[in-house]
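As structure tokens, the structure follows; a few thoughts come after it.
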């Protein structure tokens, strides 16, 4: 019985299962959006409407977040998650302004 659980756990890791529950608004199988990603998408919408995710300008914005240019994000209660997401975003192979 234990080996079944171990095999299932290994399969879940190999399959790349997310630790977060799926997004209720997204299609089945779509990755969940973290709270940090939501925060980093909403901030430019309010303060810099011309910046859109996936653009070189968004890449610069994410780097500025890592440099601490935006104190409201550096002092946010989820600042660690925001920095973690920003670091992962910048290190993606397909990230703009890499």
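Numbering (the working numbering), first residue to last: 714 to 811. Using N, Cα and C, we set each Cβ at its ideal position, and we do this for glycine too.
Neighbour-count burial assignment, residue i, 16 or more Cβ in a 10 Å radius
i           : result
residue 799 : buried
residue 772 : buried
residue 757 : buried
Same chain only: Cβ atoms within 8 Å of residue i, ignoring 5 sequence neighbours per side
i           : result
residue 792 : 786
residue 748 : 791, 794
Own chain, CB closer than 7 Å to residue i, minus 5 neighbours either side, in chain order
i           : result
residue 802 : 775, 808
residue 768 : 809
residue 766 : 754
N-terminal and C-terminal residue of the alpha helix (DSSP H) that residue i is part of
i           : result
residue 778 : 769-780
residue 760 : 748-760
residue 805 : Where residue 805 is concerned, there is no enclosing alpha helix (DSSP H), given that its DSSP letter is neither H nor E.
residue 785 : 784-787
6 Å CB neighbourhood of residue i in its chain, flanking five on each side removed
i           : result
residue 818 : In this structure the chain extends from 714 to 811, so residue 818 is not present and cannot be described.
residue 796 : none
residue 750 : 798
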